[in-house]
Structure formats: C-alpha cells, structure tokens
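Everything in the first sequence is counted per my numbering, starting at 9 for the first residue and increasing by one.
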Amino acid sequence: MPELPEVETVRIGLANLLPNQKIKAVWSDWSKSFPNSQADIEAFLIGAKITGVRRRAKVLLIDLDTAYSLVIHLKMTGQIVFRSDDDQLRFGAGHPNESLIGRLPDKSTRVVLTLDGAKLFFNDQRKFGWMRLMPTVEIENLDFFKKVGPEPLAAEFTATHFIERLHRRKNTTIKAALLDQTVIAGIGNIYADESLWGAKIHPAQRVSEIPAAKLKTLFSEMQYVLKLAIEKGGSTDKNYVNAEGKRGSYMSFARVFRRENLPCPRCGTTIIKSRVAGRGTHTCPACQILTK
DNA sequence: CACTTGACCTGTCCGC
DNA sequence: TGCGGACAGGTCAAGT
Numbered sequence: 009m010p011e012l013p014e015v016e017t018v019r020i021g022l023a024n025l026l027p028n029q030k031i032k033a034v035w036s037d038w039s040k041s042f043p044n045s046q047a048d049i050e051a052f053l054i055g056a057k058i059t060g061v062r063r064r065a066k067v068l069l070i071d072l073d074t075a076y077s078l079v080i081h082l083k084m085t086g087q088i089v090f091r092s093d094d095d096q097l098r099f100g101a102g103h104p105n106e107s108l109i110g111r112l113p114d115k116s117t118r119v120v121l122t123l124d125g126a127k128l129f130f131n132d133q134r135k136f137g138w139m140r141l142m143p144t145v146e147i148e149n150l151d152f153f154k155k156v157g158p159e160p161l162a163a164e165f166t167a168t169h170f171i172e173r174l175h176r177r178k179n180t181t182i183k184a185a186l187l188d189q190t191v192i193a194g195i196g197n198i199y200a201d202e203s204l205w206g207a208k209i210h211p212a213q214r215v216s217e218i219p220a221a222k223l224k225t226l227f228s229e230m231q232y233v234l235k236l237a238i239e240k241g242g243s244t245d246k247n248y249v250n251a252e253g254k255r256g257s258y259m260s261f262a263r264v265f266r267r268e269n270l271p272c273p274r275c276g277t278t279i280i281k282s283r284v285a286g287r288g289t290h291t292c293p294a295c296q297i298l299t300k
C-alpha cells in the first residue's frame, strides 16, 4: 500500500537519518529483491557514502557518492526501516518500543545494509518489492521514469494540466485513470477512493462523462487528501511503517477507504464496497452517483 | 491502439 | 482443527 504519502514519509525519515552514512556490508536472501551482481555491489555500494534521499512517484532513490543510486520500490508490503544497534539491543532486553515491528531481521527481511552503528532493513512479506543499484544518471532512462506522469503536488501542476492528463484516458473509468501512473504519479487505491468521495464522483464514471467543474473539484480534493496523508505520516492498514518502524495515522481520518458498512461522514448512508478497475472500491451510494 | 485481466508472492480470513 | 479459496493491491506482460 505504499502510495505517494507513504513513500514521501519514508523519504523524509531517511533524509534525516542516512546522509553521510557509509555502507559497510550488504546481505540479501532473495535475488529478486536485490538483483544486482555481487561484483556491482562490491564496486559501487560497499564503502559508498550516502549523499541524499529522493522520491519520484512511488519510487525511493538513495544517492551514493559513487555516482550510483539505490532505486527502491516497496510495491504492496515493502518496508525500509532504519535501526541503530542500540535500539536493536533494547528489543532483545524486552523493552517496549513505539515501533510496530520487533527484533530485526524478521522472516520478511530481504536485504540488510550495515551502516556505522546502525542497519537499514528492507522487509517485504510478499516479495513484490525490489531495490536495485544503478548509475544515478541512468535512472531517468528507465521505462517507468520515461512514462510516469507529473507529481500531483508539484507547484507547477495545475487543475487544467490535471484535466488534460485525465483526458488521455477519457474512455476508461475515472478510477482506472487516477491509478494509471502514466497519467499522474503516486496515486494508489487508498487515495483514489478518498479523492473521489471528496469530489462526489462515482469511481466507475467514464472520464469523458465528467464535467470539467467536477474534475476541478477532484483536483483540489486529491491535493487535500495527499497533503493531509503526508502530514499524518501515511496510512497504516496492515504493513506500512515509516523509516523508524512506526505507523502512519491517516486511516483514522479516512472517509470511505476500508469503511464498508460504516456511515458516510457526510450524509450517514452506509458505505459499500464493490469492484472497479479490478480493485476493491469504497463509495457512498448516496453521495457518489453513476450518471447516464 | 486502447483498454482489461492475470501473474508475481505470502499471510489472513471465511466457510465447510 | 484443518483445508481450500478468496482477497489484499503496484506494476508489467499478455490478452481482447
């Protein structure tokens, strides 16, 4: 479930913890999680110093002073957790900690980077996520980066631009268009449902059938929801944690997502769950009407 | 070409 | 209690 707000929360955490850290050792248990060769890892990662942490769409980028970067996609259940050796010892001694997860590595740990007095753990229960090492300048040439749409919170991204982008997928449902990373970057199932509820648009409505004024509302609702979610440290439904292993609190602000059988906070009607664009979809049947 | 569906994985939950 | 199957949802490949 890491979407833009979750990946951004991890980025903010790592940006405070990682710069100037030196990578001393690397361990991995699952080659698909970290497909680089041992030779590349030794040449460009071990001994490298971390210079910065960036995000583009749902992808995390850790830049190194070797002119290489770690490109990381958490997919559904990925976690990047920084833990100092001191904190790790407290777990062993049975001391409670605010972290949602216990002693590391655990059985979902796929990669461990040993730093100076700390370790960075890449955990991923479902093994869909990955990290890979590549020259920093080549990142923009990856297919995904060439095709991915604009950042929805960029200052220069306007409602007009948003509507233009959505119209690239005018014959599909608005939910499928929002989830399409080549249209706009970073929206996933949670924030698609939340934004559509905010704009009172049914997720199965065709893009071409939605008046521009409603799409304009959708633009501001989307920005509102994404900003609020970043402020709350993202959504923890099950797996997601930030760089310190702590949960995000957006789910307690969610209006429809995972709230089936509960009242709509706007009108009190019972929220229903259905399937749109192949995904579990949450709507208020009174506020979000499918027209035509 | 535009769009939809299935595969990749594991853990959890539900019904029998 | 155990077991099969549905489900979770980001992205790419394959199918319509």
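Yeah, the Cβ is synthetic: ideal placement off N, Cα and C, and Gly gets one too.
Given the structure is predicted, the values throughout are model-derived calculations rather than measurements.
Local conformation of residue i per DSSP, three classes
i: Ser41; result: coil
i: Gly110; result: coil
i: Leu302; result: Residue 302 lies beyond the range of the chain shown here (9 to 300); nothing can be said about it.
i: Lys300; result: coil
i: Thr17; result: helix
i: Leu12; result: helix
Option nearest residue i by Cα separation, candidates the options
i: Thr291; options: Ala285, Glu50 and Glu268; result: Glu268
i: Ile49; options: Val120, Val264, Glu239 and Gly242; result: Val120
i: Ile209; options: Leu186, Phe136 and Val67; result: Leu186
i: Gln213; options: Ile31, Ala200, Trp205 and Ile182; result: Ile182
i: Val169; options: Asn149, Ser228, Leu150 and Pro211; result: One point to set straight first is that residue 169 is His, not Val, in the sequence displayed. Nearest of Asn149, Ser228, Leu150 and Pro211 to His169, Cα basis: Ser228.
i: Pro27; options: Asp71, Thr17 and Ser45; result: Asp71
i: Lys240; options: Asn247, Lys246 and Lys254; result: Lys254
i: Thr190; options: Arg176, Ala200 and Ile198; result: Arg176
i: Asn247; options: Leu97, Lys127 and Gly110; result: Gly110
Close Cβ partners of residue i (< 8 Å) along its chain, the five nearest in sequence each way excluded
i: Gly125; result: Ser92, Asp93 and Asp94
i: Ser77; result: Leu69, Ile70, Asp71, Leu141, Met142, Pro143, Thr144 and Ile147
i: Leu270; result: Thr278 and Ile279
i: Gln296; result: Leu204, Trp205, Lys208, Ile209, His210 and Pro211
Terminal residues of the alpha helix (DSSP H) in which residue i lies
i: Lys155; result: Asp151 to Lys155
i: Tyr232; result: Ala220 to Glu239
i: Leu204; result: Asn197 to Gly206
i: His169; result: Ala167 to Leu174
i: Asp48; result: Gln46 to Phe52
Segment limits, beta strand (DSSP E) that includes residue i
i: Ser92; result: Gly86 to Ser92
i: Gly60; result: Ile58 to Arg64
i: Leu186; result: Careful: Leu186 lies outside any beta strand (DSSP E), inside the alpha helix (DSSP H) at Ile182 to Leu187.
i: Glu126; result: Reading the sequence as shown, one finds Ala at residue 126 and not Glu. Per DSSP, Ala126 belongs to the beta strand (DSSP E) from Ala126 to Asp132.
i: Asp245; result: Taken as a continuous stretch (DSSP letters only), Asp245 belongs to no beta strand (DSSP E), as it is neither H nor E.
i: Ile31; result: Run containing Ile31: none; DSSP gives neither H nor E here.
i: Ile3; result: This structure cannot settle anything about residue 3, because the visible part of the chain is limited to 9 through 300.
i: Ile209; result: Here Ile209 belongs to no beta strand (DSSP E), and DSSP marks it neither H nor E.
Beta-carbon proximity list for residue i, same chain, < 6 Å, skipping 5 on both sides
i: Lys178; result: Val215 and Ser216
Cβ shell of residue i (< 7 Å), same chain only, five flanking positions each side left out
i: Glu202; result: Val233, Ala262, Arg263, Val264 and Phe265
Proximity test, residue i beta-carbon vs the ligand ADP heavy atom, cut-off 8 Å
i: Phe130; result: Of ligands this structure carries none, so the ligand ADP is not represented either.
Is the segment 138-152 in contact with the segment 274-294, if contact means three or more CB pairs nearer than 8 Å? no
Specify whether the segment 40-48 and the segment 143-152 touch according to this definition: at least 3 beta carbon pairs, one from each stretch, less than 8 Å apart. no
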